[in-house]
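Undergrad: Numbering (UniProt numbering), first residue to last: 1 to 344.
Where a beta carbon is used, it is the ideal one built from N, C-alpha and C, also for glycine.
Everything numeric in this text was worked out from a predicted model, so none of it was measured.
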């Protein structure tokens, strides 16, 4: 029964204790396996939120989420793990960047769900709908085949990990962040050796660095990015942690160092405007700030994965690809594949 563990984590500020890995794994199994009541699950989530999850607890929840998920070996590349609660005030640079990386020969996995608390922002799925891609109609096999053809995989997380769908109503009722907000981003649906992980607060850098190491990624970049996402800022420096071979190094990535720093326009974002801006950038146009943001993010990711010897080289590579129109061609193929072939 989940109440056994709830009594441990929910004893209040002084009495609560952290669960070890095996205890947390049992709690995660009870929650994701449908063996606990909604009241118990909600109470556990709140207690963990107050206590703050440890690396061991997060690791346990990630492993159980993975056990309940469909995972594929379609490609080995970079997993871009941004918040599933979406964006309200910023450009989805990671989406456009995925096609620059794909054109450079670096496979990418993107994943998400319909909007969630606490932010309730625009999600990747909202943007896909604007592209006339009906998420619920495209089969998992079609997403995989499209990834095989283009190097860009999109995962509808609640389809690939059904317990997330079952737990949605509890998360919506709570209206706050839970342990799942972290765990779902680390399911690693394609077994990626490289991880790009967005965080809101620099206080979690060390914890997330340890977690990414425990989960076996070859290289990770933990980014205190735009709205807690994996996207680097273009109007100011971004604080990051680079993790490799058990060593975590803090890095400040300054767009001005690469001649890319640009002031952002004030925009009221909608899913339709996100799509329009993504397509403009991929065609070599759009506002300079968003074009430069894609260049910077692509360059840093190419360097992280060893596709570029330096961020500077990554910028040149990405600009050349955009000038040649390769990311736009790849995006068009990807979109057309998912628009035209749907499940019956």
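Taking DSSP as the reference, what is the three-state secondary structure of residue 138?
TA: In the chain shown, residue 138 corresponds to position 138, counting from 1. Of the three classes helix, strand and coil, the one that applies to residue 138 here is coil, per DSSP.
Undergrad: Can you give the Cα-Cα distance for residue 115 and residue 185, rounded to whole angstroms?
TA: To locate residue 115, count along the chain shown from 1; it is residue 115. To locate residue 185, count along the chain shown from 1; it is residue 185. Approximately 14 Å, taken between the alpha carbons.
Undergrad: Cβ of residue 176 within 8 Å of Cβ of residue 117?
TA: Taking the chain shown and counting its residues from 1, the one referred to as residue 176 is at position 176. Taking the chain shown and counting its residues from 1, the one referred to as residue 117 is at position 117. Yes; because the gap between Cβ atoms is below 8 Å, this pair is in contact.
Undergrad: Smallest Cα separation from residue 328: which of 308, 309, 275 and 79?
TA: Looking up residue 328 in the chain shown gives position 328. With distances taken between Cα atoms, residue 328 lies closest to 275.
Undergrad: Would the beta-carbon of residue 355 fall within 8 Å of that of residue 206?
TA: The structure shown has nothing for residue 355, since the chain only spans 1 to 344.
Undergrad: Under the rule that 16 or more other beta-carbon atoms within 10 Å means buried, what is residue 69, buried or exposed?
TA: Taking the chain shown and counting its residues from 1, one reaches residue 69 at position 69. Burial call: buried.
Undergrad: Measure the Cβ-Cβ separation of residue 282 and residue 241 and say whether it is below 8 Å.
TA: Start at 1 with the first residue of the chain shown, and residue 282 comes out as number 282. Start at 1 with the first residue of the chain shown, and residue 241 comes out as number 241. It is not a contact, given that the beta carbons lie outside the stated cut-off.
Undergrad: Please return the same chain residues whose Cβ sits closer than 7 Å to the Cβ of residue 183, not counting the five positions on each side in sequence.
TA: Working through the chain shown from its first residue, we reach residue 183 at position 183. 58, 61, 62 and 65, listed in sequence order.
Undergrad: Starting from residue 208 and walking both ways along the alpha helix (DSSP H), at which residues does that stretch end?
TA: On the chain shown, residue 208 is found 208 positions in, with the first residue counted as 1. From DSSP, the alpha helix (DSSP H) with residue 208 extends over 205 to 214.
Undergrad: According to the neighbour-count rule (16 or more other Cβ atoms, all chains shown, within 10 Å of its Cβ), is residue 343 buried or exposed?
TA: Counting from one through the chain shown, the residue named residue 343 turns up at place 343. Low confidence applies here, because residue 343 scores a pLDDT of 44, under 50, leaving its location unreliable and the question unanswered by this model.
Undergrad: Is it a yes or a no for the region 37 to 52 touching the region 164 to 172, going by three-plus beta-carbon pairs under 8 Å?
TA: As far as the Cβ criterion goes, the region 37 to 52 touches the region 164 to 172, which means the pair count is three or higher.
Undergrad: Would residue 121 and residue 88 be called neighbours here (beta carbons separated by less than 8 Å)?
TA: Numbered from 1 along the chain shown, position 121 holds the residue referred to as residue 121. Numbered from 1 along the chain shown, position 88 holds the residue referred to as residue 88. For residue 121 and residue 88, yes; Cβs fall inside 8 Å.
Undergrad: Could you give the first and the last residue of the continuous alpha helix (DSSP H) run that contains residue 61?
TA: Your numbering for residue 61 matches position 61 in the chain shown. Segment 55 to 67, the alpha helix (DSSP H) holding residue 61.
Undergrad: By the three-class DSSP mapping on this structure, what secondary structure does residue 305 have?
TA: Counting from 1 along the chain shown, the entry for residue 305 is found at position 305. In this structure, residue 305 counts as coil in the three-state DSSP scheme.
Undergrad: What are the boundary residues of the beta strand (DSSP E) that includes residue 154?
TA: Residue numbering aside, residue 154 sits at position 154 when the chain shown is read from its first letter. Looking at the DSSP string, the run of the beta strand (DSSP E) that includes residue 154 is 152 to 156.
Undergrad: May I have the straight-line CA-CA distance separating residue 260 from residue 139, to the nearest angstrom?
TA: Locating residue 260 in the chain shown gives position 260, counting from the first residue. Locating residue 139 in the chain shown gives position 139, counting from the first residue. Near 39 Å, if we compare the C-alpha coordinates of residue 139 and residue 260.
Undergrad: Could you have a look at residue 316 and say whether DSSP puts it in helix, strand or coil?
TA: What you label residue 316 is simply residue 316 of the chain shown in a count that begins at 1. In this structure, residue 316 counts as helix in the three-state DSSP scheme.
Undergrad: For residue 254, which three-state DSSP category applies?
TA: Counting from one through the chain shown, the residue named residue 254 turns up at place 254. If DSSP states are grouped into helix, strand and coil, residue 254 belongs with coil.
Undergrad: Use the C-beta contact count for residue 52: other C-beta atoms within 10 angstroms, 16 or more gives buried, fewer gives exposed.
TA: In the chain shown, counting from the first residue as 1, residue 52 sits at position 52. Exposed, by the Cβ-count rule.
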